[in-house]
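Worksheet for the structure shown next.
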Amino acid sequence: MTVLDSEHSGGGVGTCSDLSGTETSKSGLTQAQDKKEPLLQKFGGFAYQTDQDGFGSLTYPNGDVYTGYLECGVPHGYGSMQYNSGSTYKGGWKEGKRSGEGSLTYLTDWEYSGSWEGGLASGHGVCVYANGACYDGEWVEGRRCGHGIYDDSDGSTYVGEWLNGKRHGSVLSIYPDGQFEGLMKDGVWCGKGRCVDNDGDFYEGEYQDGQRNGHGRCVYGRSGATYEGAWVAGKIEGVGVTVWSDGTRYEGEFANNQEHGRGVFTYPSGAVYEGDVRYGKRCGNGRQVSPVGDVYEGEWHNNVRHGRGSHRWPGGTSYVGEFRDWSMHGRGLLTFPSGSTYEGQFVRGRFSGQGVFVQGGNRYEGVFEGRVVRGVRITDDGNRVEGEFVYHVR
Numbered sequence: 001m002t003v004l005d006s007e008h009s010g011g012g013v014g015t016c017s018d019l020s021g022t023e024t025s026k027s028g029l030t031q032a033q034d035k036k037e038p039l040l041q042k043f044g045g046f047a048y049q050t051d052q053d054g055f056g057s058l059t060y061p062n063g064d065v066y067t068g069y070l071e072c073g074v075p076h077g078y079g080s081m082q083y084n085s086g087s088t089y090k091g092g093w094k095e096g097k098r099s100g101e102g103s104l105t106y107l108t109d110w111e112y113s114g115s116w117e118g119g120l121a122s123g124h125g126v127c128v129y130a131n132g133a134c135y136d137g138e139w140v141e142g143r144r145c146g147h148g149i150y151d152d153s154d155g156s157t158y159v160g161e162w163l164n165g166k167r168h169g170s171v172l173s174i175y176p177d178g179q180f181e182g183l184m185k186d187g188v189w190c191g192k193g194r195c196v197d198n199d200g201d202f203y204e205g206e207y208q209d210g211q212r213n214g215h216g217r218c219v220y221g222r223s224g225a226t227y228e229g230a231w232v233a234g235k236i237e238g239v240g241v242t243v244w245s246d247g248t249r250y251e252g253e254f255a256n257n258q259e260h261g262r263g264v265f266t267y268p269s270g271a272v273y274e275g276d277v278r279y280g281k282r283c284g285n286g287r288q289v290s291p292v293g294d295v296y297e298g299e300w301h302n303n304v305r306h307g308r309g310s311h312r313w314p315g316g317t318s319y320v321g322e323f324r325d326w327s328m329h330g331r332g333l334l335t336f337p338s339g340s341t342y343e344g345q346f347v348r349g350r351f352s353g354q355g356v357f358v359q360g361g362n363r364y365e366g367v368f369e370g371r372v373v374r375g376v377r378i379t380d381d382g383n384r385v386e387g388e389f390v391y392h393v394r
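When we follow UniProt numbering, the leftmost residue of the sequence shown carries the number 1, and every step to the right adds one.
Below, the structure written as structure tokens:
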């Protein structure tokens, strides 16, 4: 048995790179020089080097044990290394470093089988993890790099490119609830991509930092609605267009996944609303034109006419005043095509309360209820008659 101070292990042994490529501790796949410098400083080089060739066994100062072929006293050829940590390597060696084909088992955490060069995993290799995950693909200097397939323990599969241990480039990710196809950068979705889930929702557009960001189009499988426009940090935000399955269309501003700001609703009936929108509803100031030519312009609340506004009917009748829940309600002025006018109080679209009605040569002032007014009638010649009158709108 020869005790040899050399870089016998090709590196210390630790945890394998996780899916994101982040090293949680020094890896036996990546850190080829872990033990070289401290040992050389302590022993001043190959103090115990011999010219031993052939098959043999080496025990190192830290307790690691090598059994296999040697050349000039260092591992060269096929051999196995039992590390003092409990990890084991079996495979090829070259000039004291893991090289060629070999398998490294790190305790019960993971096992790598594949190509090595200069003590590092390089070339094609397979790494199986204790939780059932598996990576099968290319490695460069101990990191996933190139094309590879990663099967996760949750049932998802990633097929695509890797760089420095992270998913990077063109990829296909298949999840239990859907799949993503597109570009990734440093382990997250970034750039153009397409995503579909099991509900039938389909998104195609731009990503940044793993979220929908930029311009994109989404088709919602269950509702049949579509949205195309701006996204920010995974949410609909900015300017875009939504079309619902019944044909309703909205074009305008969005915030936090809802129609919010200024926009235009076009309805299947042909009606068009343009104005303020809050949390998906007409709210604020807006103008709506019906298919038959009715025009309302004024205040809205929770999708109904509510507040101050004006309404013009196709026949020439017009109203300016207060509304509540679609109806003329409060104080207002109603003008008929004949020239007759009513100015006063309204309740649910009817004359009700104090008001003035002018028609032809008669002026009625008083309290209105239905077709009856209690008050005074004044004629063109100035006659005043007090009482209760029935009036007719013409």
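Note that the Cβ used here is the ideal one computed from N, Cα and C, for glycine as well.
Those residues which DSSP pairs with residue 276 across a bridge: Looking at the DSSP assignment, residue 276 forms a beta bridge with 262.
Taking the C-alpha atoms as reference points, what is the distance between residue 292 and residue 314? When rounded, the distance between both Cα atoms is 7 Å.
Would you kindly work out how many angstroms separate the C-alpha atoms of residue 297 and residue 266, rounded to a whole number? Our two residues, residue 297 and residue 266, have alpha carbons roughly 16 Å apart in a direct line.
Can you tell me the Cα-Cα spacing of residue 302 and residue 244, whole angstroms? C-alpha separation (whole angstroms): 19 Å.
Among all the DSSP beta bridges, which residues are the ones paired with residue 121? DSSP, once it has assigned bridges, lists 116 as partnering residue 121.
What residue does the beta strand (DSSP E) around residue 255 start on, and which one ends it? Run containing residue 255: 249–255, per the beta strand (DSSP E) assignment.
Roughly how many whole angstroms lie between the Cα atoms of residue 393 and residue 359? When rounded, the distance between both Cα atoms is 8 Å.
Please look up how many angstroms separate the CB atoms of residue 261 and residue 252, rounded, as I've assumed it's under 8 Å. 6 Å between Cβ atoms; contact.
Please work out which residues of its chain come closer than 6 Å, Cβ to Cβ, to residue 176, disregarding the five sequence neighbours upstream and downstream, and give them in chain order. Excluding positions up to five away in sequence, the list reads 155.
Taking buried to mean at least 16 other C-beta atoms within 10 Å of its own C-beta, is residue 42 buried or exposed? Its pLDDT being 25, under 50, residue 42 is placed unreliably in this model, and the coordinates cannot settle the point.
Please determine, among 224, 208 and 356, the residue with the shortest C-alpha to C-alpha distance to residue 230. Nearest to residue 230 by alpha-carbon distance, out of 224, 208 and 356, is 208.
Residue 375 to residue 382 span [Cα, whole Å]: One C-alpha to the other measures close to 15 Å.
Along the chain, where does the beta strand (DSSP E) that runs through residue 72 open and close? Per DSSP, residue 72 belongs to no beta strand (DSSP E) and is neither H nor E.
Residue span of the beta strand (DSSP E) that contains residue 324, given as start and end: From DSSP, the beta strand (DSSP E) with residue 324 extends over 318–324.
With 16 other CB atoms within 10 Å as the buried threshold, where does residue 213 fall? Residue 213 comes out buried.
Out of 336, 248 and 69, state which residue places its alpha-carbon closest to the alpha-carbon of residue 270. Minimum Cα distance to residue 270 is reached at 248.
Taking the alpha carbon of residue 350 as the reference point, which residue from 323, 290 and 153 has its own alpha carbon closest? Among 323, 290 and 153, the Cα nearest to that of residue 350 belongs to 323.
Best match in 199, 198 and 189 for proximity to residue 205 [C-alpha to C-alpha]: Across the set 199, 198 and 189, the C-alpha of 189 shows the shortest separation from the C-alpha of residue 205.
Assuming the contact rule is C-beta atoms closer than 8 Å, residue 326 and residue 304 should be a hit. Round their C-beta distance to whole Å, please. About 5 Å separates the two Cβ atoms, so the contact holds.
Between residue 95 and residue 74, which are expected to be in contact by the criterion C-beta below 8 Å, what is the C-beta distance as a whole number of angstroms? Indeed they touch by this definition, with Cβ atoms about 6 Å apart.
Whether residue 173 touches residue 181 by CB criterion (9 Å): Cβ atoms of residue 173 and residue 181: closer than 9 Å.
Residue 197 and residue 222 look like a contact to me (Cβ under 8 Å); what is the Cβ gap, rounded to whole Å? Taking 8 Å as the upper bound for CB-CB distance, residue 197 and residue 222 are not in contact here, some 11 Å apart.
With DSSP as the reference, identify every bridge partner of residue 180, one or two as the case may be. According to DSSP, residue 180 bridges with 173 and 195.
Would residue 301 pass as an interface residue toward chain C - the criterion being a Cβ-Cβ separation below 9 Å? Given the protein chain composition of this structure (a single chain), no chain C is represented.
According to DSSP, is residue 351 part of a helix, a strand, or is it coil? Three-state DSSP puts residue 351 in a strand.
Buried or exposed by the 16-neighbour rule on C-beta atoms within 10 Å, applied to residue 57: Residue 57 counts as exposed, since fewer than 16 other C-beta atoms from the protein chains shown sit within 10 angstroms of its C-beta.
Please report the distance separating the alpha-carbon of residue 246 from that of residue 225. Straight-line Cα distance between these residues: approximately 9 Å.
Cβ pair residue 164, residue 143 closer than 9 Å: Yes, the Cβ-Cβ distance between residue 164 and residue 143 is below 9 Å.
Do residue 134 and residue 158 have their C-beta atoms closer together than 9 Å? Their beta carbons are not under 9 Å apart, which means residue 134 does not touch residue 158 by this criterion.
Is the Cβ-Cβ distance between residue 116 and residue 129 less than 9 Å? Remark: C-beta atoms of residue 116 and residue 129 do not approach each other more closely than 9 Å.
Three-state secondary structure assigned by DSSP to residue 135: When DSSP states are grouped into helix, strand and coil, residue 135 belongs to the strand group.
Alpha-carbon spacing of residue 379 relative to residue 299, whole angstroms: Each residue's alpha carbon lies about 37 Å from the other.
Contacts around residue 54, its chain only, beta-carbon distance under 8 Å, and the 5 residues preceding and following it disregarded: Within the same chain, residue 54 has close Cβ partners 69 and 70.
With a cut-off of 8 Å on the beta carbons, I'd call residue 355 and residue 344 a contact; round off their distance for me. Going by Cβ atoms, the distance from residue 355 to residue 344 rounds to 2 Å, so yes, they are a contact pair.
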